[in-house]
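Since the structure comes first, as structure tokens, the remarks are kept for the end.
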Amino acid sequence: MGPLRVTNAGRPVKSAGPRQRALLAALLVRTNQPVGLSGLVEAMWGECPPNSAIANVHTYVSRLRRDLAGIGLRDLLVTDNGGYRLLVEPDQLDSHRFQTSADEARTALAAGDSVKAVAVWEDAWTAWRGDPLEDVPCAGWLEAEQVRLEQTAAAAREDFADARLAAGQYSTLIPELAALVRQLPLREGLWQRLMLAQHRAGRRAEALETYHALCGVLVEALGVEPCGPVQELHQVILSGEPPEAEGVRPMQLPPDIDDFTGREAETAELRDLLTRPSRSVVAAVTGKAGVGKTALAIRVAHEVGEHFAGGQVYVRLGGAGSSPQEPATVLTNLLVAFGVHPHAVPEDVESRAALYRSQLAARQVLIVLDDVTSMAQVRPLLPGSAGSAVLVTSRVQLVGARTVRLDVLGAEDSVRLLSSIAGPARMTAEPAAAAAVARYCGNLPLALRIAASRLARRGQWTVGRLADRLADEGTRLNELRIDDLEARTSLAWSYEGLDEVQQRAFRLLGLLEVPDFPAWVVAALLEVDLPAAEDIVDSLADVHLVELAGTDPAGQGRYRFHDLLRVFARERANAVDSPDDRTAALRRAFGAWLDRAVRAEAGLPCRFLKVRLTSGPPATAEKLPADPLVWLDAERDALVAVVEQALALEMTAPACDLACALTTLFDLRSHYDLWRHTHELALAAAVATGARRSRAILHQGLGALAFYRDRYGEASEHFAQAQGIFAEIGEIRGHAYSNLGLGSVHLYHGKHDEAAAELGQARAGFARCADASGEAFALQALSIVHRNRGNLEQAAKCLDRALTTFRGLGSRYGQACALFSLGLHHQARGDRESTERALVEAVDLFRAASCPRDEALALHVLAATCAAHGDADRASKLMSQSLTVFSPEDESVGKACSLYSLGWVAHRNQRLDEAAACFDEASRLFERLSMPLHNARALSALNDLGLSLPVR
């Protein structure tokens, strides 16, 4: 599944020549089967082997045996029936693991579980590292096997697409399928699924254009029309029938607990409440901390799950913590879980709640809200129609909910719980001691689990010894009485059983107000290396003082606190550690997050220009994952929480720096709410503390956010604020970036004099501080001003200097921007050939720099150029290609303009239904963006061309 690799315990077999790789590949493809000498000769040389082929095979086999032995794999290559056999277990082969996962995914989809199918497929594709046997010179039957593996991959891509179609993942699937059909243009199944995804996403015009592109490919390559199923889908799309979309079915419940004990009456009552068919119901489980509310809710949710065909969602609201989740944030996450793209999430809470209720109206969903602080937190999350049900857990009484009150376990169930964890034989042998342990734990499930886990890890202990230790009041915290006496006592005992390093780690981790954390945070808190930190946090997880939350997409193990344990850990920290020690520990942890975030952001493409933070020497030698965006996605919630906590502790500088470092992630992932939230919080703190440079950078970030959200007045205000502060503190580069931002706003509004003034100042500022990249961007923007004024000679000079600079810097993104402007410059000169050459090069560079929106804009202009010169077919293909990078919910100016242009292309090709659909959709977007002239132009096109307006 890629280049040929053999490893044992991380040790790779040494690199070999092409014939030896072909030998190894042939034996692996037919693993555990004898391969004769003639078969090996054919696989290695094909039809023209050398006279010494047999002798050469024996030589290569000898070398391969030696190389395998060198990494500890002796006796794997054996002689068998005049040939050779490689003894490898099936699960040691990536191809076998892929096939096993693929079968599991197909089974899950056949059973209707599209979410599981997608997850299994995603795991399966991790085995693919490139083209099958891509570095092996295959011949004869081995070449046929290579082709078979390629066909297997193509078929798997189609089945993976089916799972994602069933899960409603249209927005991410469409651009991936668009790329695949370019790689495999004769694979009609991929084209069909692309059309279906576009149709279900409401992109009817694009689906029709995709069909037209497929027809052109097949006619040109094979002289045939698309197959029957594709033509039938085309007719369905033409008819205007609504797509038969399969809605996303979220399955978010955490796993059930194997050793769940007791609660038969409460389980039956909740099951009855949640499965009543008459109306929507809100059931609540209430009780003290550690009593097992979440465990009961999850158990019941799994038992009644089959009654809710629309899926189950699970949200932990954090009511016991200092920062409960806001309804606005929860609604965003739920809408995304139901398949709504982040771009389409409304900005105000009321609109989000309305959209959420609309999503629930056609579904039967079980909504589990864990750790609720009040009904005010719940109310916006309630369904507005019958069919769905809500199950809530809370420490407080919730008015309006059908409540099941949970108390501690009975004495018998407490001993049963101890038995299920520590072993029944030990409890049966010492029944009195077992009862005493349960009694000392207050029959509280959390305390019982901690005590039983400690006993389970110490096989030499008797139950009586555990009871004696618990009975010793000298090891308890008698001053912690009130409501949680039992849990606190057991926690104190478990804490006292730790060594000093573990105790300190437990205390300091409790200071963090993050939802979860990776092991390297422990390394920063304790100032130890990563392996030691992993051992420490794993030892805390062993005794249930922290929980293992799983592995994140970046491959990091993540841990979290139970809320009661976090409270206890903070109390211990306040009692043991000095304020200076606590503050220093938090600064180290926040600094580690900041250092990694700055280094990760440096590896991302940035669509807007800003004063980027420069990371100092890495806090540790640890490398970030290969994909910095994956790492930032995994840490997003923790990083936002760090910003909030640092600000609460008046650590303004790291909080502001971290907020600024997150802007590129928020831009790429459309996390506009988080962008605004973190920046506004940080800006308020920077104003209060007089941190002028932080204020300026944050204003600049808010200006960019406003610019991308089409709030140009607000953008100008923020850029002007940043400009003024940078001028006050004498930071030339920051002032130049603010000039560039203001100049961009003026340029967009056609204020060429104002734009020229700002951009000229930006260029001069960048030149003064020797920022070649910034100066080149200013020159590129100035070229637009000159072009719009008709001064093409001066525009050409600016572009020539900018492009030369970007090439010297090796900046693909900068070169792409300059070439895009150069294409428009040649267009203004009437030079079609030069226009197309520059734009094609810009498209390639935008793609290489991972800037899909800019790529789409360049494709759009290139298509318009072709259309203006009568090349309608090419224009149509380019316009369809440009739209594949926009999500169905994207409502940007770029998408609106692309649709408007695609409408004209479709009209020239006599595809009138497509033209009407494009003009109508463009009109809707222009209307939403408050662009009346553009909207009037789109409506005028519909009327002037005599096209029928589709029914909205």
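Numbering-wise (my numbering), the sequence shown opens with residue 170 and increments by one.
Glycine included, C-beta positions come from ideal geometry on N, C-alpha and C.
All of these numbers come straight from a predicted model, not from anything done at the bench.
Tell me which residues share the same chain as residue i and place their Cβ nearer than 7 angstroms to its Cβ, disregarding the 5 neighbours each side in the sequence.
| i | result |
| --- | --- |
| P684 | R729, D806, A807 and A810 |
| L551 | V451 and V559 |
| S907 | Q869, F888, A891, Q892 and F895 |
| E314 | V198 |
| E655 | Confidence is the limiting factor: at E655 the pLDDT is only 43, short of 50, which leaves the residue's position unreliable, though a coordinate-based value still follows. The residues are C610, G611, L613 and A616. |
| C938 | I901 and R902 |
| T847 | V809, V812, A828 and L831 |
According to DSSP, residue i sits in a beta bridge with which residue or residues?
| i | result |
| --- | --- |
| R254 | V247 |
| Q481 | M420 and L535 |
| R727 | P687 and G719 |
| P614 | None, per the DSSP bridge assignment. |
| V573 | V454 |
| L503 | In DSSP, L503 forms no bridge with anything. |
| V559 | V451 and I536 |
| R180 | N177 |
| V541 | S563 |
| V856 | In DSSP, V856 forms no bridge with anything. |
| E736 | Here residue 736 is Val; the residue named in the question, Glu, does not match the sequence. DSSP, once it has assigned bridges, lists no residue as partnering V736. |
Residue i: which of the options sits nearest, CA to CA?
| i | options | result |
| --- | --- | --- |
| C148 | D1040, T430, A766 and A950 | For residue 148 there is no data in the structure shown, the boundaries of the chain being 170 and 1121. |
| A942 | E927, F975 and F737 | Reading off the sequence, residue 942 comes out as Ser, not Ala. Checked all of E927, F975 and F737; the closest Cα to S942 is F975. |
| A322 | A335, A1032, T341 and W294 | W294 |
| E1138 | D540, L578 and S708 | Given that the chain is displayed from residue 170 to residue 1121, the structure contains no residue 1138 and the question cannot be resolved. |
| S207 | Y253, H1038, N177 and L242 | Y253 |
| L383 | R372, A884, R369 and H403 | H403 |
| R741 | E665, R956 and T269 | E665 |
| A335 | A296, D282 and W297 | D282 |
| V499 | A766, D539 and A478 | D539 |
| C1066 | Y525, P515, A723 and S1092 | S1092 |
| A195 | Y229, K920 and N220 | Y229 |
| A701 | W689, D711 and R174 | W689 |
| R958 | S980, K920 and H995 | K920 |
| R838 | L681, V505 and D1042 | V505 |
| V198 | A286, L302 and L278 | L302 |
| S554 | L535, S543 and R526 | R526 |
| L850 | I901, A523, L834 and L818 | L818 |
| L439 | V561, L624, E897 and G628 | V561 |
| Q367 | L349, S340 and V350 | S340 |
| R1043 | A1075, L1014 and R445 | A1075 |
| I901 | L871, S913 and A933 | A933 |
| A636 | G628, A803, L1047 and R608 | R608 |
| C829 | R880, G872 and G859 | G872 |
| R159 | M544, R548, Q1050 and T542 | Residue 159 is absent from the model: the chain starts at 170 and stops at 1121. |
| G910 | I866, G899 and E897 | I866 |
Return the chain-ordered list of same chain residues with a C-beta closer than 8 angstroms to the C-beta of residue i, the five sequence neighbours on each side being excluded.
| i | result |
| --- | --- |
| R232 | A185 and Q189 |
| R756 | M820 and P823 |
| S784 | Since pLDDT at S784 reaches only 46, below the 50 mark, its modelled position is unreliable, and the value read off the structure follows with that caveat. Once the five neighbours on either side are set aside, the close Cβ partners of S784 are D764, V767, R768 and A771. |
| P786 | Model confidence at P786 stands at a pLDDT of 48, short of 50, so the residue's coordinates are unreliable; what they give is reported in the following sentence. Excluding positions up to five away in sequence, the list is empty. |
Using a Cβ-Cβ cutoff of less than 6 angstroms, which residues in the same chain neighbour residue i once the five nearest sequence positions on both sides are dropped?
| i | result |
| --- | --- |
| F1088 | G1072, A1107, A1110 and L1111 |
| S747 | none |
| A325 | A271 |
| Y483 | Q421, L422 and V537 |
| A1037 | none |
| A332 | L278, S283, A286, V287 and W290 |
| A723 | P794, V799, W800 and A803 |
| A1136 | Residue 1136 falls outside the range modelled here, since the chain spans only 170 to 1121, and no answer is possible. |
| E273 | V289 |
| V182 | V175, D236 and I240 |
State whether the region 982-993 contacts the region 1007-1022, with contact taken as three or more CB pairs (one from each stretch) at a distance under 8 angstroms.
yes
Length at least 4, wholly inside the region 970-1018: the alpha helix (DSSP H) runs in chain order:
981-998 and 1001-1017
Any chance the region 244-252 sits against the region 292-310, with 3 or more Cβ pairs inside 8 angstroms?
no
Would the region 296-312 and the region 354-369 be scored as touching if the rule is three or more Cβ pairs under 8 angstroms?
no
In the region 352-405, which residue ranges form an unbroken alpha helix (DSSP H) of at least 4 residues, counting only runs that do not cross its ends?
357-369 and 373-390
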